[in-house]
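These notes concern the structure reproduced below.
Number of protein chains: 2
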Amino acid sequence: MLKRYLPALAWLPHYQARLFGADLLAGVIVTVMVIPQSLAYALLAGLPAVVGLYASILPQLVYAFFGTSRTLAVGPVAIVALMTGAALSQIAVPGSAEYLEAALALTLLSGAILVVMGMLRMGFFSNFLSHPVISGFLTASGILIATSQLGGLLGVESSGFTLWERLASLWLHLPGISWPTLLMSVFVLGFLVGVRRYGSTLLKRLGLAAGTANLLARAGPVLAVVATTLAARQWQLEDAGVEVVGTVPGGLPPLTLPWPDLALWQTLLVPALLISLVGFVESVSMGQMLAAKRRQRISPNQELVGLGVANLAAGVSGAMPVTGGLSRTVANFHAGAQTPAAGAFAALGIGVVTYTLTDWLYYLPIATLSAFILVSVLTLVDVATLRATWRYSRSDFTAQALTIGLTLAEGIEAGIIGGIAVSVALFLYRTSRPHSALIGRVPDTEHFRNVARHEVETAPGVALLRIDESLYFANARYLEDTLYNLVASRPALEDVVIVCSAVNLIDASALESLEAINARLRDSGVTLHLAEVKGPVMDRLNHSTFPEQLTGRVFLSTYAAWQALHDR
Amino acid sequence: MLKRYLPALAWLPHYQARLFGADLLAGVIVTVMVIPQSLAYALLAGLPAVVGLYASILPQLVYAFFGTSRTLAVGPVAIVALMTGAALSQIAVPGSAEYLEAALALTLLSGAILVVMGMLRMGFFSNFLSHPVISGFLTASGILIATSQLGGLLGVESSGFTLWERLASLWLHLPGISWPTLLMSVFVLGFLVGVRRYGSTLLKRLGLAAGTANLLARAGPVLAVVATTLAARQWQLEDAGVEVVGTVPGGLPPLTLPWPDLALWQTLLVPALLISLVGFVESVSMGQMLAAKRRQRISPNQELVGLGVANLAAGVSGAMPVTGGLSRTVANFHAGAQTPAAGAFAALGIGVVTYTLTDWLYYLPIATLSAFILVSVLTLVDVATLRATWRYSRSDFTAQALTIGLTLAEGIEAGIIGGIAVSVALFLYRTSRPHSALIGRVPDTEHFRNVARHEVETAPGVALLRIDESLYFANARYLEDTLYNLVASRPALEDVVIVCSAVNLIDASALESLEAINARLRDSGVTLHLAEVKGPVMDRLNHSTFPEQLTGRVFLSTYAAWQALHDR
């Protein structure tokens, strides 16, 4: 029991020196790599840059004890930062004390939701997010985030929730463009794209081992941060109009417990729920992928608890909502992390950085962070998946396209809720008209096949109808339609047999429909039978009065029905 | 094409004198019977009583040409009246000109929604309303309507949307009780209940034929209306505190076309959608039941058009939302109606009544109508179904109980939307953890069975996994969990075969999961195979790159997989 809620008990007692070395190295590497993204994603959420560092300390440390993934690195991520910013901007002005306060409330609320969902084992809720909806949402978010950074790259203001609002705001402020900022942006963008694309190849040519070359190439953003910070300090670029991060409070994050403000929490409930859900789905898919690579396993429900506790820790240490981040986790994995201790070491490392280096952060240009965000989020835009979905299924493509359109045009919440609603509706629609076939006997055998496709024996007074789907509310009416049309179109019909070999479930709606069908067929002189009802389905039916009402019989096999009805 | 949208073309050209006699008789009977309910349901919606008569003229006439049911009688019904009242009370004061205006807008909007849904063939939308949700909604509405009539029966005011609001309002006004009204209520209630329960038996004992006795017994409310109206006129009961209908505009309904008020329409959109949906479901189930009794058929999508045009007609003739009504339809059916002409005759009859008798309506006591509504709606309260659902399925019972609770506590819209959401969520939850089984070979046969239940042959390096459900977004993650756990728990595993004999659909989410599973199993040295993939599912898979990615093979049968993997 204790082990379930504190998975660290599974690895901590057996911790060895060999693991310590690998984890420490991974921790140091992750520390260096996550600094730029932590700062950048805090700005993306409309929060002071240092909040991003806070969000990488205590939450990460706490996750090491409560999480089930060996290699997941927890901290601020782009999508969650975007969602955080969108939720907070609706109730406070970015930069104000209320904004920061609301951020802490949102973080705590999201943490509480995750912990409660985990304890109630409600991980299945994330199943409502279908892959096309997630993929569409990520693509649209990538575009939204990218547009939101154009202002930072050009040195002008830009605001808004939807794509059009952002573009309109940018257009309005465009005359105030800062040319030195643009110059620096172009330089940093070029460097980041170059390093990302050619960095590791180049380093390998210089004789470095493949692993080391890949890791070093990933440190490109760190180099950009250091170089532009030094440049801004050396030449006082701030005076030339290059915006910088500015004064940052020194020292470790302040520990606080905000007094619960019920009205505020109510306003933040839906955004907190969506942030929790999206963060969880992103995190758990990644955790599963990496665990599978090493034949380990993670527990989705305990992951909810782990991420929830991490967010609670974020909420009391002045930070923002966190989840498992893709780039930091992949860095951790490839740097050779063996246990969650690597994450703990990284947390300590970022703590040291925060404690010592905040003075230097003053000179970090905003444009550098914007360039970093732009390069990172463009990988979210996934046109290939869109094309593949189109080829594979029009129905899934509809859900995906609608999610993208709604997210861009109406904002994040509308996009994700609309996407879920449409994918559920389309699934219900698909199963609401199940495949069904009138079947007949393959001569001289006990086999039965579709009368439309095979040469089979039938009898004018008997119809054998096979339904290839569970019977539930979405197709209960279709079942009635099908049977009434069958009876209306064949006046000579005396017996109808529903063959249930593919029916895994009959819910209360379908049961009522069966009762109605039975009664109405009886009124018009037709007897209803069932055949090949599965064990659990029959058990369930025996809890109702349907077996007594049934005018006909329940046959064990279609052949038994045939013998009884045809050969009489 | 024309016949599809104007089903009257199917019967009108072949209309005969024999049909005319039967239809005319049914029309006269229905005319007499629907007067009390038309008046009562208009009051229930907070509208002048005469609006109920208007709603039984033009809509009914129009439905005769556009509807596909031979016997459906269209007019105001209790549930729709309740929903109309609830929607309108939120934006105007009952009795005001704005209220009436909003009623017409709601009716037109609901008509337009129905027609559009019919032309787009969206009848399947009604499938979202599961039987437990409908039944729970009817029960709760019955209770709500009954409570709303207590004020009328006691001669005091009462208002509110939820059960508690209504009861509290009633309690507040109770000291103003009108004893003459209560006396009359008790008398009418006793009479109506007595006639309903013993009327037809009594009349049969008096020597009447069963059919005639049943019809006459159904005319009980008419007798109550006539008797109490005469009494109120004779003894001027109005002066004694018995509330009467009062001045009613004479003549036929005014034809108007309200100018579209976009803001108003936007406010009314959700209520109009729910009214359309609920009205359609009620109407079409009844139509189907009666059509099946005579081996006829109706077309749900054309029914949408028919009811939509009826509502448009109601909206331009000063009426309220209409749909197929249970009691009037049953009366029509049992009175021997053969074609929709019976409905047209009834419409003409009510037109004549409206034109000539409105002066008499002045003296009709409200208490009589309240008593009529109370007796009618108590049949909606269905405890037996609640019990049956509890026995049959806890999951369906949850949806039903929640619908009742939400409708009573939060009102009609919350109840119906909450009920739909919960039943969809519960269905997704049920299918999100499909039954799956590791299977092995029954020795010396080509049959395969669950290893946990049968003595079968297995091989340590091979796992045959049969999944008994379509693979889609709600269970895609479960599929991944299942396979990763399987691989993590059996280190010796080399081959996994997913047996797809019960898989009717693989959506884009499940496809991505299969691709992920394939890639991650490959990373850990396990080969993935499929077996028994159905034709349409395989066709679909061939539109993706999955077959090329698959590390293993697609076997036609489980036995083929066994031979290839086990006997090698």
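Protein sequences appear in the order of chains A and U.
Residue 1 is where the first sequence starts when you use UniProt numbering, and the numbers rise one by one after that.
Residue 1 is where the second sequence starts when you use UniProt numbering, and the numbers rise one by one after that.
Virtual Cβ for every residue (Gly too), placed ideally from N, Cα, C.
In this text the structure is predicted, and so the values were computed from the model without any measurement.
Relative to Ala-347 of chain A, the option among A:Val-32, A:Leu-61, A:Val-305 and A:Leu-47 whose CA is nearest is A:Leu-61.
The Cβ atoms of Gly-241 of chain A and Pro-180 of chain A lie closer than 8 angstroms to each other. One Cα belongs to Tyr-99 of chain A, the other to Ala-45 of chain A, and the distance between them is close to 10 angstroms.
For the segment 390-411 of chain U, the residues whose beta carbon sits under 9 angstroms from a beta carbon of chain A are, in order, Arg-391, Tyr-392, Ser-393, Ser-395, Asp-396, Phe-397, Ala-399 and Gln-400. Proximity to Leu-53 of chain U across U:Leu-154, U:Val-270, U:Met-33 and U:Met-117 peaks at U:Met-33, based on C-alpha coordinates. Taking 9 angstroms as the cut-off between beta carbons, the residues of the segment 427-446 of chain U near chain A are Phe-427, Leu-428, Tyr-429, Arg-430, Thr-431, Ser-432, Arg-433, Pro-434 and His-435, in sequence order.
The beta carbon of Leu-505 of chain U sits closer than 8 angstroms to some beta carbon of chain A. Here Thr-329 of chain A is not bridged, per DSSP, to any residue. For Ser-96 of chain A, the closest alpha carbon among the candidates A:Gly-336, A:Pro-48, A:Ile-417 and A:Leu-237 is that of A:Pro-48.
Leu-215 of chain A and Asn-485 of chain U have their C-alpha atoms some 31 angstroms from each other. Checking the DSSP bridge columns, you'll see Leu-471 of chain U partnered with U:Ile-506.
Under DSSP, Ser-436 of chain U shares a beta bridge with U:Ile-467.
Under the 8 angstroms criterion on CB atoms, Leu-511 of chain A is classed as interfacial with respect to chain U.
Going by DSSP, Arg-449 of chain U is part of the beta strand (DSSP E) stretching over 448-450. Annotation for Ala-55 of chain A: Gly-75, Pro-76, Ala-314, Ala-319, Met-320 and Val-322 place their beta carbon closer than 6 angstroms to its own, counting only its chain and skipping 5 residues before and after. Look at Arg-553 of chain U: its C-beta is not under 8 angstroms from any C-beta on chain A. Neighbourhood of Tyr-472 of chain U in chain A, by CB distance below 7 angstroms: Phe-427, in chain order. Within chain U, the residues whose beta carbon sits less than 9 angstroms from that of Pro-132 of chain A are Phe-473, Asp-507, Ala-508, Ser-509 and Glu-512, listed in sequence order. Relative to Leu-252 of chain A, the option among A:Gly-440, A:Ser-432 and A:Leu-357 whose CA is nearest is A:Leu-357. No Cβ of chain A is located within less than 8 angstroms of the beta carbon of Val-533 of chain U. Per DSSP, Ile-404 of chain U has no beta bridge partner at all. One thing to note: Val-377 of chain U has its Cβ within 8 angstroms of the Cβ of Gly-142 of chain U. Listed along chain U are Arg-391 and Tyr-392, each with a C-beta nearer than 7 angstroms to that of His-543 of chain A.
Annotated as proximal: Leu-364 of chain A and Val-245 of chain A, with beta-carbon spacing under 8 angstroms. Look at the segment 127-153 of chain A: the residues with a C-beta under 9 angstroms from a C-beta of chain U are Asn-127, Phe-128, Leu-129, Ser-130, His-131, Pro-132, Val-133, Ile-134 and Ser-135. Inter-segment contact for the segment 491-498 of chain A and the segment 521-531 of chain A is present: three or more beta-carbon pairs are separated by less than 8 angstroms. Taking C-alpha positions only, Leu-183 of chain A is separated from Val-80 of chain A by approximately 30 angstroms.
Residues of the same chain with a CB within less than 7 angstroms of the CB of Leu-426 of chain U, apart from the 5 flanking positions on each side, are Ser-395, Thr-398 and Ala-399 in chain order. Exclusion of the five residues before and after Ile-134 of chain A leaves Val-281 as the residues of its chain whose Cβ lies within less than 7 angstroms of its Cβ. The beta carbon of His-566 of chain U is closer than 7 angstroms to those of Ala-459 and Val-462 in its chain, skipping five residues each way along the sequence. According to the DSSP assignment, Thr-527 of chain U belongs to the beta strand (DSSP E) that extends over 527-531. Taking 8 angstroms as the cut-off, the Cβ atoms of Met-286 of chain U and Gly-324 of chain U count as close. Contact check for Ala-87 of chain A against Leu-277 of chain A fails: the beta carbons are separated by 8 angstroms or more. The straight-line gap separating the alpha-carbon atoms of Glu-480 of chain A and Thr-71 of chain U is approximately 19 angstroms.
Inter-residue distance for Leu-9 of chain A and Phe-345 of chain A is about 18 angstroms (C-alpha atoms, whole angstroms). Looking from the CA of Ile-417 of chain U, the closest CA among U:Ile-29, U:Ser-126 and U:Ala-17 belongs to U:Ser-126.
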